[in-house]
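See structure below.
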DNA sequence: GTCTATACGAAGATAGAC
DNA sequence: GTCTATCTTCGTATAGAC
């Protein structure tokens with residue numbers, strides 16, 4: 267479990283990032299939110315804030331991949347259903363105040379901080395490819411898997427932004443239903459989502 | 267055209283917002299980018315930065331609605347093609363460094379600044395409804411129009427974030443093609459996009 | 001690994017002159 | 001409407017002790 271203080275800062279930063287964006291995720295806020303010790307900040311993150319943001323982006327990226335591995339859907343619709351359910355829980359678990367931490371990094375990072383932008387981009391690519399791989403595994407063609415995975419990622423990221431702003435889950439559910447239905451037709455089966463973690 | 271200085275600040279803020287997010291869109295940056303006079307800042311925006319952000323959000327919202335009115339697509343696929351082409355030009359016109367200014371507000375605004383969040387949400391709703399209205403006008407059913415408009419908005423917002431981070435237009439084009447194709451099947455005709463402004 | 005103290009800069013905001 | 005201070009707050013970052 268490595269340094270628990272370090273990990274506390276990272277998970278705290280992830281929560282703040284998803285709720286308030288990158289600039290509001292200051293060291294002070296992270297410390298206040300987590301109770302982590304101030305004195306060890308630059309001991310754990312010699313690279314300063316950019317390093318904390320980078321580690322947090324990586325952590326969030328892997329956390330989603332891990333969550334996907336907790337279930338094993340057997341149909342394309344199930345794969346998409348699990349994916350959308352994961353994001354739905356981010357909204358509902360935060361009173362619709364949180365979104366995607368990686369998107370926050372992508373939106374808030376300027377042309378300087380090129381490394382952060384690139385990192386966010388590679389996390390998005392990982393997510394897209396992981397989804398596509400799972401769709402293929404349950405019988406969808408490679409071509410369609412790539413397409414549906416990409417569309418699902420983009421639509422979810424957008425739906426998070428839109429629904430968070432609207433403080434309503436309605437549009438999110440409609441988008442999710444459409445994506446699931448796209449997985450149901452022409453891929454493998456017509457089953458509904460079989461995972462909701 | 268009202269106060270030109272005021273408008274200069276708003277359009278400048280819009281550009282910065284789309285490129286670097288809300289917190290990086292400081293007064294200093296807006297002034298530096300536009301050459302607008304510093305002394306008149308709180309004359310034009312007595313409410314401070316939040317007021318500038320709010321005005322900018324409204325402006326960007328109306329600017330897209332106005333751009334949609336510049337063409338008159340005659341098929342669902344044409345409507346979606348025009349919409350995606352508008353967003354594509356945001357990416358290509360900025361070397362893939364700009365995204366959606368309204369999304370930047372939505373992501374960066376904290377639970378305080380509730381008015382800004384609400385405003386961003388209402389702009390998204392306006393865009394969604396404007397798209398749906400146009401789809402209906404060219405013959406798509408009300409139900410399908412609502413769905414496709416919402417999916418297109420969400421997917422475009424997400425694609426902007428993802429592709430900006432990846433510094434590649436490839437995924438954007440694939441998402442746009444899928445959306446257009448969803449408009450082509452079962453709506454009106456099968457025509458390709460007929461607007462690219 | 002953790003602490004305190006502090007330097008430094010940037011940003012929002014206000015006051016008062018022109 | 002515009003200018004020039006100026007105030008205050010906050011955030012990053014460093015130094016050096018424990």
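Residue numbers (this note's numbering), protein chains in the order written: chain H, 267 to 463; chain V, 267 to 463.
Glycine included, every Cβ here is placed at the ideal spot set by N, Cα and C.
Below-9 Å beta-carbon distance, residue i vs any chain V residue
i: residue 388/H; result: yes
i: residue 258/H; result: Because chain H here runs from 267 to 463, residue 258/H falls outside it and cannot be looked at.
i: residue 351/H; result: no
i: residue 272/H; result: no
i: residue 403/H; result: no
i: residue 334/H; result: no
i: residue 377/H; result: yes
i: residue 345/H; result: no
i: residue 330/H; result: no
i: residue 437/H; result: yes
Separation of residue j from residue i, as counted between CA atoms
i: residue 440/V; j: residue 415/H; result: 11 Å
i: residue 382/V; j: residue 325/V; result: 13 Å
i: residue 419/V; j: residue 306/H; result: 44 Å
i: residue 302/V; j: residue 270/V; result: 9 Å
i: residue 276/H; j: residue 365/V; result: 27 Å
i: residue 394/H; j: residue 304/V; result: 45 Å
i: residue 322/V; j: residue 348/H; result: 37 Å
i: residue 375/H; j: residue 278/V; result: 18 Å
i: residue 333/V; j: residue 315/H; result: 39 Å
i: residue 294/H; j: residue 284/V; result: 27 Å
i: residue 288/V; j: residue 378/H; result: 16 Å
i: residue 291/H; j: residue 286/V; result: 16 Å
i: residue 308/V; j: residue 368/V; result: 23 Å
i: residue 362/V; j: residue 433/V; result: 6 Å
i: residue 443/V; j: residue 438/H; result: 22 Å
i: residue 343/H; j: residue 296/H; result: 38 Å
i: residue 436/V; j: residue 430/V; result: 11 Å
i: residue 298/V; j: residue 274/V; result: 12 Å
i: residue 409/V; j: residue 319/V; result: 34 Å
i: residue 372/V; j: residue 403/V; result: 30 Å
Below-9 Å beta-carbon distance, residue i vs any chain H residue
i: residue 398/V; result: no
i: residue 342/V; result: no
i: residue 446/V; result: no
i: residue 394/V; result: yes
i: residue 384/V; result: yes
i: residue 287/V; result: yes
i: residue 356/V; result: no
i: residue 321/V; result: no
i: residue 281/V; result: no
i: residue 381/V; result: no
i: residue 432/V; result: yes
i: residue 302/V; result: no
i: residue 317/V; result: no
i: residue 416/V; result: yes
i: residue 454/V; result: Reliability of the predicted coordinates at residue 454/V is poor, the pLDDT of 41 falling under 50, and no value is obtained from them.
Chain V residues whose Cβ lies nearer than 9 Å to that of residue i
i: residue 292/H; result: The premise fails here: residue 292/H is roughly 10 Å from chain V at the closest Cβ pair, so nothing lies under 9 Å.
i: residue 326/H; result: Residues of chain V passing the Cβ test: none, with the nearest at roughly 13 Å.
Among the options, the one whose alpha carbon lies nearest that of residue i
i: residue 335/H; options: 359/H, 397/H, 389/H, 310/H; result: 397/H
i: residue 351/V; options: 411/V, 369/V, 300/V, 330/V; result: 330/V
i: residue 417/V; options: 403/V, 445/V, 407/V; result: 445/V
i: residue 327/H; options: 435/H, 392/H, 443/H, 434/H; result: 392/H
i: residue 360/V; options: 372/V, 319/V, 282/V, 340/V; result: 282/V
Distance cut-off 8 Å: residue i Cβ against heavy atoms of the ligand NAD
i: residue 367/H; result: What this structure holds is no ligand at all, so the ligand NAD is not there to describe.
Neighbouring residues, chain H, relative to residue i (Cβ below 7 Å)
i: residue 428/V; result: 390, 419, 420, 423
i: residue 367/V; result: Those within 7 Å of residue 367/V in chain H number zero; the least Cβ separation is about 10 Å.
Residue i: contacting residues in chain H (beta-carbon distance under 8 Å)
i: residue 413/V; result: 440, 444
Under 8 Å by beta carbon: chain V residues contacting residue i
i: residue 312/H; result: Correct list: empty, because the minimum Cβ distance to chain V is about 24 Å.
Proximal chain H residues relative to residue i, where beta-carbon distance stays under 9 Å
i: residue 364/V; result: Under the 9 Å cutoff, chain H gives no residues; its nearest Cβ is about 10 Å from residue 364/V.
Contact list for residue i against chain V, beta-carbon separation under 7 Å
i: residue 372/H; result: 427, 430, 431
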